[in-house]
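Taking it in order: structure first as structure tokens, then the write-up.
In our numbering, the protein residues as written are 740 to 917.
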């Protein structure tokens, strides 16, 4: 099911089963039908990342939607427009899954002409959004955030990560708020 809410930076694909469960935003974070804990999420969750024009990604999303609906692909998100704070000229599509199923998921993507591939472990991505991380620091610089506000954002990011994942490693994972 393609979820396109104009106020969101991203367009998402979730199965209907997962999207109709607002009390469980991490319902898609599974491997072989079993929900991942926070610890397993940090160890195994990741995404295939590739670039394309928005219209191309819209078409690809339509083709991939049945695979999300059947839960062969847990979740997909892609940009509504290129991310200016990363100096990107194309949109990014992220196809999420457990690393133990990433080869099977990539075989599905390859059927639709995806060749260039980059696997990004979610832990690596989260670290880039932590204090001093490449993504967070670029975002702060692009938005001309004051030193004081930047320090607050950095502190909040670290606190959120610790509270969400590190302090509760055996809890069922609800993901990382987008």
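Every residue, glycine too, gets a C-beta built ideally from N, C-alpha and C. Just so you know, these numbers come straight off a predicted model, no measurement behind them.
In this structure, the CA atom of residue 813 is about 15 Å from the CA atom of residue 915. For residue 824, the number of other beta carbons within 10 angstroms of its own is below 16, and it is reported as exposed. With contacts defined by Cβ atoms closer than 7 Å, residue 831 and residue 786 do not form a contacting pair.
Annotation note: the stretch 746-785 contains the following uninterrupted beta strand (DSSP E) runs of length 3 or greater, listed N- to C-terminal: 749-752. Under the three-state reduction of DSSP output, residue 743 falls in the coil class, being neither helix nor strand. Nearest to residue 870 by C-alpha distance, out of 894, 884, 789, is 894. Here the alpha carbon of residue 784 sits roughly 8 Å from the alpha carbon of residue 862. Within the same chain, and ignoring the five residues on either side of residue 908 in sequence, the residues whose Cβ sits closer than 6 Å to its Cβ are 777, 778. For residue 884, no alpha helix (DSSP H) encloses it, and the DSSP letter there is neither H nor E.
By the neighbour-count criterion, in which 16 or more other beta carbons inside 10 Å mark a residue as buried, residue 886 falls on the exposed side.
The residues 867, 868, in chain order, have a CB closer than 7 Å to that of residue 874 in the same chain once the five nearest residues on each side in sequence are set aside.
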